[in-house]
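There are 2 protein chains.
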Amino acid sequence: MTAKPEILKLTKVASSRLFHIESMELRFSNGVERCYERLRTGGNGAVMIVAINDRDEVLLVREYAAGLEEYVLTLPKGLIDPGEDAATAANRELQEEAGFGARQIEHVRQLTAAPNYMGHRLEVMLARDLFANKLEGDEPEPLELVTWPMNQLHELFELPEFSEGRAIAALCLVEHRLRSGR
Amino acid sequence: MTAKPEILKLTKVASSRLFHIESMELRFSNGVERCYERLRTGGNGAVMIVAINDRDEVLLVREYAAGLEEYVLTLPKGLIDPGEDAATAANRELQEEAGFGARQIEHVRQLTAAPNYMGHRLEVMLARDLFANKLEGDEPEPLELVTWPMNQLHELFELPEFSEGRAIAALCLVEHRLRSGR
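Residue numbers (UniProt numbering), protein chains in the order written: chain A, 1 to 182; chain B, 1 to 182.
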């Protein structure tokens, strides 16, 4: 495998309350130099939750996505708070966003979003053995809860409002895991 | 469906060569006001290409991902240049990154990455009937080409270096489309 590029210089070029942009001067192993930009966000990563109820339906939420200026249908997700592990964060977010807790939570895999210019990492968590319990979160309005049969995922994937790549990936991974009997 | 929040104010708060950060003051339909931040990038969107050769293998590339500071395995992808449509951009990127053109290209679906704070849209394109042809791109070094059997996708999805949610989603969508005989 090729040796990683050498990082010649890393400079913070702009930042806001939530985002930090870095400029990155790189020298590739063939001698070519390039200046890239990337986003840095601090924090402990994030979780996305595939929660399946006893009717074999997955819990979806409809929420306002500021990046698109649209309501979208997606999986519950959120940041891991300081001191939390991924399973704790997943159980908290599920109760805040969907009004359900889970007695069984397992890690499926880590996903990235746009690794060329973002270091963000998201843990896909499978939640089962659900119970109704609502926790207050920081949502500006209650999220609409939608349940969807796990055996009709490809109909869901055809909906324009279910567009988030990581959510489609998470459901494919979980569907395969369950079908393999793990 | 809930009425969209009213955008009270949109302010550019920071920007760099590639990124523009906006602050967004919103009033939700229940009267709650919130200030969000989001990324704006201009441009015409991007394409991600699932190119399948006559041995029923998908073409992958290994490239340096500055956000992760790692080499990753992913699908060929890139921005749509001004004046290009998605199919033209896909055919160009495939020749630049993987050294193959395609006589048949079709649109599969649009994906988003992190719609809560990014408006980025990516078109998944299925490329078939391939022919060897290398175009010079803007890559700092040649990308390593890896071919992977389409009937072993879940083995690919277990590799830590194949982590991009949109790439896993794209392959799941294409695999389903081909299996359905479309």
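Virtual Cβ for every residue (Gly too), placed ideally from N, Cα, C.
(1) Tell me whether the region 49-65 of chain B and the region 138-154 of chain B touch, counting them as touching only if at least three CB pairs, one residue from each stretch, are closer than 8 Å.
(2) Can you give me, in chain order, the residues of the region 50-81 of chain A that have a beta carbon less than 9 Å from any beta carbon in chain B?
(3) Is it buried or exposed for Val174(B), if we count other Cβ within 10 angstroms and need 16 for buried?
(4) Using the beta-carbon of each residue, which ones in chain C are nearer than 7 Å to Gly119(A)?
(5) On the DSSP bridge assignment, give the partners of Pro149(B) in chain order.
(6) Using 8 Å as the limit for Cβ to Cβ distance, is residue 210(B) near chain A?
(7) Nearest chain A C-beta to Ala127(B) closer than 8 Å, yes or no?
(8) So, does the region 34-49 of chain B touch the region 111-131 of chain B, judging by three or more C-beta pairs under 8 Å?
(9) For a contact meaning CB atoms closer than 8 Å, what does Cys173(A) contact in chain B?
(10) Should Cys172(A) be labelled buried (16 or more other beta-carbon atoms within 10 Å of its own) or exposed?
(11) Taking only the alpha-carbon atoms, compute the straight-line gap between Gly35(A) and Thr11(A) and give it to the nearest angstrom.
(12) In whole angstroms, what is the alpha-carbon distance linking Val50(B) and Pro76(B)?
(13) Output the boundary residues of the alpha helix (DSSP H) element that contains His176(B).
(14) Give me the chain A residues within the contact set of Thr11(B), using Cβ-Cβ distance strictly less than 8 Å, ordered along the chain.
Quick look at the numbers:
(1) Result yes; three or more Cβ-Cβ pairs closer than 8 Å.
(2) For chain B, the residues of the region 50-81 of chain A that bring a beta carbon within less than 9 Å of one of its beta carbons are Arg62, Glu63, Tyr64, Ala65, Ala66, Gly67, Leu68, Glu69, Glu70, Tyr71, Val72, Thr74, Lys77, in chain order.
(3) Translated into the one-based positions of the second sequence, residue 174(B) becomes position 174. In summary, Val174(B) is buried, with 16 or more beta-carbon neighbours lying within 10 Å of its beta-carbon over all protein chains present.
(4) Absent here is chain C; the protein component of the structure consists of chains A and B.
(5) Indexing the second sequence from 1 puts residue 149(B) at position 149. BP columns for Pro149(B) point to Glu57(B).
(6) Given a span of 1 to 182 for chain B in the structure shown, any question on residue 210(B) remains unanswerable.
(7) Walking along the second sequence from the start, residue 127(B) turns up at place 127. Not one chain A Cβ lies under 8 Å of Ala127(B).
(8) Pairwise C-beta distances place the region 34-49 of chain B in contact with the region 111-131 of chain B, as three or more of them are shorter than 8 Å.
(9) Along the first sequence, read from residue 1 onward, the residue named residue 173(A) stands at position 173. Contrary to the premise, residue 173(A) reads as Leu rather than Cys in this sequence. Neighbours of Leu173(A) in chain B, taken as residues whose beta carbon is under 8 Å from its own, are Phe157, Ile168 in chain order.
(10) Within the first sequence, residue 172(A) is the residue found at index 172, counting from 1. Under this definition Cys172(A) is a buried residue.
(11) Within the first sequence, residue 35(A) is the residue found at index 35, counting from 1. Within the first sequence, residue 11(A) is the residue found at index 11, counting from 1. It is Cys, not Gly, that sits at residue 35(A) in the sequence shown. Looking at the two C-alpha atoms, the distance is approximately 11 Å.
(12) Walking along the second sequence from the start, residue 50(B) turns up at place 50. Walking along the second sequence from the start, residue 76(B) turns up at place 76. Going by the C-alpha atoms only, they are around 8 Å apart.
(13) One-based indexing of the second sequence puts residue 176(B) at position 176. Note, His176(B): alpha helix (DSSP H), 165-179.
(14) By 1-based counting over the second sequence, the position of residue 11(B) is 11. For Thr11(B), there are no C-beta contacts with chain A under 8 Å, since the nearest C-beta of that chain is about 10 Å from it.
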